[in-house]
Every structure is written in C-alpha cells, then in structure tokens.
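Since the structure comes first, as structure tokens, the remarks are kept for the end.
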Amino acid sequence: CNGRMLDDFPADLEDLAACEPVYEEMPGWSEDISKITRADDLPENARRYLARMEELTGVAVAVVSLGPQRDSTIVFNSPFADD
257 CNGRMLDDFP ADLEDLAACE PVYEEMPGWS EDISKITRAD DLPENARRYL ARMEELTGVA
317 VAVVSLGPQR DSTIVFNSPF ADD
C-alpha cells in the first residue's frame with residue numbers, strides 16, 4: 257500500500273483500495289499426484305511450494321488434500337494428535 261509491504265490485512269477501506277497485490281510465480285509440476293500417500297513422494301516443486309506457503313503464512317502445513325477421496329490426503333502433522 258502506497259509503496260509499503262503490509263504484513264496484515266488493512267482495516268481501513270481507503271488503505272485497502274490503495275493496495276496492489278504482490279504475485280510470486282513458482283515452477284509447477286506435471287506429474288499426477290492424486291495417488292501419492294507420503295510427503296516424500298511429492299514432486300520436488302510441490303514440496304517447495306508447500307514450504308513456501310509455510311514460510312509466507314508462518315503456519316506449518318498439517319494436511320494436504322490431493323483429490324476428492326478421503327485416502328487422497330497426506331497428513332504431515334495431525335492437528336488432532338495427542339501430544
């Protein structure tokens with residue numbers, strides 16, 4: 257906004273109207289990942305994408321869904337696990 261990078265969503269509508277999005281492009285992947293069940297089996301660029309999302313949000317990825325089926329899910333850190 258007005259030449260500044262914001263870490264938080266602006267509360268004021270005028271500030272929001274002055275904002276421009278910052279786009280970041282990352283390499284994709286062409287492999288079918290719908291049957292993958294382990295994070296280590298994801299393509300390198302998919303793992304880099306998830307790591308970047310963690311970096312940008314400051315939140316660890318817990319679960320990734322790769323399709324509509326229940327078993328099309330990779331659990332990194334279960335949010336429901338007992339510590």
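Once you know that position 66 of the sequence shown is 322 in my numbering, the rest is easy, because the numbers rise by one and skip nothing.
Using N, Cα and C, we set each Cβ at its ideal position, and we do this for glycine too.
{"Check": "Residue 285 vs residue 302 beta-carbon contact at 7 Å", "Outcome": "yes"}
{"Check": "Residue interval of the alpha helix (DSSP H) (run including residue 313)", "Outcome": "300–313"}
{"Check": "Counted within 10 angstroms of its Cβ, other Cβ atoms place residue 262 as buried (16 or more) or exposed", "Outcome": "exposed"}
{"Check": "Nearest to residue 317 (by Cα), restricted to the options 323, 306, 327", "Outcome": "306"}
{"Check": "Cut-off 7 Å between Cβ atoms - residues of its own chain near residue 321, not counting five sequence neighbours on either side", "Outcome": "328, 329"}
{"Check": "CB-CB length for residue 295 against residue 332, believed under 8 Å", "Outcome": "6 Å"}
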